[in-house]
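Peer 1:
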Amino acid sequence: MCRSIKTLREPYVPVVTEEDIRAAALQYVRKISGFRAPAAHNAAAFDAAVDAVAAATATLLDQLVVRGQQPAGRS
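Quick note: the sequence shown uses the numbering used here, first residue -4, plus one each step.
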């Protein structure tokens, strides 16, 4: 998997922003699709995938409990 995707959970990042989540989702979709930027006829599917991955990531981070840590905050 792409090593440039930033780790977004405690204890690595104390506060995760929406921009952090979106950037990670974009990297993931780029890696999976094989496209850095989609062609016009694939743009809607690409953007929908980024939105879905970002939403799933936000849900995951909101629900994760790491032993000995408070739940990660998002701003």
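Glycine included, C-beta positions come from ideal geometry on N, C-alpha and C.
Note that the coordinates shown come from a computational prediction; the quantities given were computed from them, not determined experimentally.
Within 10 angstroms of the Cβ of residue 23, are there 16 or more other Cβ atoms? Answer buried if so, exposed if not.
Peer 2: As a position in the sequence shown, residue 23 is number 28, starting the count at 1. Buried.
Peer 1: For residue 53, which option in 0, 7 and 19 has the closest C-alpha, if you only look at C-alpha atoms?
Peer 2: Working through the sequence shown from its first residue, we reach residue 53 at position 58. Comparing Cα-Cα distances from residue 53 to each of 0, 7 and 19, the minimum goes to 19.
Peer 1: Exposed or buried, which one is residue 27 when buried takes at least 16 other CB atoms within 10 Å?
Peer 2: The sequence position of residue 27 within the sequence shown is 32, counting from 1. Its Cβ having fewer than 16 others within 10 Å, residue 27 is exposed.
Peer 1: Can you look up residue 24 in the DSSP assignment and give me helix, strand or coil?
Peer 2: Along the sequence shown, read from residue 1 onward, the residue named residue 24 stands at position 29. Three-state DSSP puts residue 24 in a helix.
Peer 1: Terminal residues of the continuous alpha helix (DSSP H) containing residue 54?
Peer 2: Locating residue 54 in the sequence shown gives position 59, where the first residue counts as 1. 38 to 58 is the extent of the alpha helix (DSSP H) around residue 54.
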